[in-house]
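Step one of this worksheet: look at the structure below.
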Amino acid sequence: MSLENINNRSEAIKKIKELAEGINFCFFCTDLAQPPFESTPMSVQEVDDNASIWFLASKESEKYKNIKINEQVQLYFSDPSSMKYLSLFAKAELVDDQKRIDKYWNNFVAGWFEKGRADPNIVLFKIIPQQAHYWDTKHHKLVSYAVTLLNAMGNNLTNQEREGNIRI
0 MSLENINNRS EAIKKIKELA EGINFCFFCT DLAQPPFEST PMSVQEVDDN
50 ASIWFLASKE SEKYKNIKIN EQVQLYFSDP SSMKYLSLFA KAELVDDQKR
100 IDKYWNNFVA GWFEKGRADP NIVLFKIIPQ QAHYWDTKHH KLVSYAVTLL
150 NAMGNNLTNQ EREGNIRI
């Protein structure tokens, strides 16, 4: 596995956007000071041009209550089928923005909010990455598997896996 840190801001934003939107679901952890952390699977609505990650949530959730007390969160994205992973330590902001709620509204989201998009308990989480680490492959996972197999048979091919820190 090669170490490939990303220090350029535009490349960092591009990588976070690629992984977070591509994987889409993450384990969203709050209450980091008190193990075990409160952790919930959540779906990404958008990664904006500043690498902020947006989620729709409820003001009645434990996650909302925890963020009001401590804004530090940890997100874990995992897609074993494509060998892509992302860990983000971030600051969470609670945002009330009906235009953005309308932008993200869809049938999947509607299933979570019985009162519809005008539900006063809908809140947005804006996640601002502070530290990130990724793991993925340079090429399609089948190429990586083939290289691994050939190396196991005595060849000396370049490793196709990479990981690194992402500096925003």
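Going by numbering that gives the first Met the number 0, the sequence shown opens with residue 0, and the numbers climb by one from there. Yeah, the Cβ is synthetic: ideal placement off N, Cα and C, and Gly gets one too. Since the structure is predicted, the reported quantities are computational estimates derived from the model, not experimental observations.
Measuring alpha carbon to alpha carbon, tell me which residue in the options is nearest residue i.
i: S77; options: I15, A11, V94, K62; result: I15
i: K125; options: S51, S9, N23, A32; result: S51
i: A131; options: Q73, M82, F112, G110; result: Q73
i: E70; options: E45, G21, L93, K83; result: L93
i: Y133; options: Y84, A117, S60; result: Y84
i: S38; options: Y63, R116, K102, A117; result: Y63
i: L55; options: D135, R166, T136, P119; result: P119
i: S80; options: T136, I167, R166; result: T136
i: Q44; options: I167, A117, N105; result: N105
i: K114; options: M82, S57, R166; result: S57
i: I22; options: Q33, P40, I167, P34; result: P40
i: L18; options: S42, A32, R116, K67; result: S42
i: A32; options: L123, K98, I68, R166; result: I68
How about residue i and residue j: do their beta carbons lie closer than 8 angstroms?
i: I12; j: D48; result: yes
i: P211; j: A91; result: Since the first and last residues shown for the chain are 0 and 167, residue 211 lies out of range.
i: F36; j: C28; result: yes
i: F112; j: I121; result: yes
i: E162; j: L2; result: yes
i: E10; j: V46; result: no
i: N65; j: D95; result: no
i: N164; j: N7; result: no
i: S86; j: Y103; result: no
Just to confirm the assignment, what range does the beta strand (DSSP E) spanning residue i have?
i: F27; result: 24-29
i: F124; result: 121-136
i: G163; result: 160-165
For the alpha helix (DSSP H) containing residue i, name the first residue and the last one.
i: R99; result: 97-103
i: N7; result: Looking at the DSSP string, N7 is not in any alpha helix (DSSP H), and its letter there is neither H nor E.
i: F107; result: 106-109
Inset, instruction - Return the chain-ordered ranges of every alpha helix (DSSP H) run that is complete within the stretch 38-83 and spans a minimum of 4 residues. - result: Within the stretch 38-83, the complete alpha helix (DSSP H) runs of at least 4 residues fall at 61-68.
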